[in-house]
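*Asks:*
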Amino acid sequence: MKLILNHYIIVKSENHAYKSVTKEMQTDLVPMPGMEIEDGAWKNPRVIQRVTMNPDENYYFVWTNDDEVETYEHADRLIKMYKSHDWN
């Protein structure tokens, strides 16, 4: 089944969810909140916070903990880094 990993980048100074980045992959595992997931974009694994399953369209939508940064410039650099690791 397809897993769509969703991750928010928050600009703390504005209390604003600036951007959401996603990455798609295939999995035979059923993701559950509390599990950890690794990705080359992260130094450490991230904890899965929430999972939504759509059996009609054959995917899991998975949320991890957010990245919080101080400025929009930092957020833009972070987005560029995610894109270099095949995030959209």
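If you count the sequence shown from 1, you need to add 6 to reach the working numbering. From the three backbone atoms N, C-alpha and C, an ideal C-beta is built for every residue, glycine too. None of these values were measured; they are calculated from a predicted model.
Under three-state DSSP, which class holds Asp-82?
*Replies:* Along the sequence shown, one-based indexing puts residue 82 at 76. In this structure, Asp-82 counts as helix in the three-state DSSP scheme.
*Asks:* Would the region 61-71 and the region 15-27 be scored as touching if the rule is three or more Cβ pairs under 8 Å?
*Replies:* Judged by Cβ distances under 8 Å, the region 61-71 makes no contact with the region 15-27, as fewer than three pairs qualify.
*Asks:* For a quick check, are the C-beta atoms of Leu-11 and Thr-33 less than 8 Å apart?
*Replies:* The residue labelled residue 11 in the question sits at position 5 within the sequence shown. The residue labelled residue 33 in the question sits at position 27 within the sequence shown. No. Outside cutoff.
*Asks:* Give me, in chain order, the residues of the same chain whose beta-carbon lies closer than 6 Å to that of Asp-3; leave out the 5 immediate sequence neighbours on both sides.
*Replies:* The structure shown does not extend to residue 3, since the chain is modelled only from 7 through 94, so no value can be given for it.
*Asks:* Can you tell me whether Met-41 is helix, strand or coil according to DSSP?
*Replies:* Locating residue 41 in the sequence shown gives position 35, where the first residue counts as 1. Here Met-41 sits in coil by DSSP.
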